[in-house]
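K.L.:
In the working numbering, the protein residues as written are 3 to 63.
Think of the CB as a built atom: it goes at the ideal place given N, C-alpha and C, for glycine as much as any other residue.
Questions regarding the structure given below will be posed in turn.
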Amino acid sequence: MKQYTMSLDGEWKLCLRKGEQLSGEVTRWEELGAEEAVAGQVPGDWVLDYVRQGLLEEPYE
C-alpha cells in the first residue's frame, strides 16, 4: 500500500466568522462568504496573525 503525506506548514489564508457554525467541506475561503482573508503562518497562532495584520491589539502587553 502506497502512503501519502501532506505538509500543512507554510502560509495559509485565515478568515473569521462570528456566530455561525460551519458544516460540510470547505475547499476555498471564498465559499465562506467572508469579505477578507489574512495571511497566517502554520505552525502558528491565529491571534498573532491578526495582530500582525493590525486587526487585533497585542494581547500580551
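Please state whether DSSP places V44 in a helix, a strand or coil.
P.N.:
strand
K.L.:
For the beta strand (DSSP E) that contains E13, what are its first and last residues?
P.N.:
G12 to L16
K.L.:
For V44, which of G26, M8 and G12 has the nearest alpha-carbon?
P.N.:
Closest option to V44, Cα to Cα, is G12.
K.L.:
Around the C-beta of L16, are 16 or more other C-beta atoms found within 10 angstroms, so that it is buried, or is it exposed?
P.N.:
buried
K.L.:
Using only the alpha-carbon positions, how far apart do V53 and T29 sit?
P.N.:
25 Å
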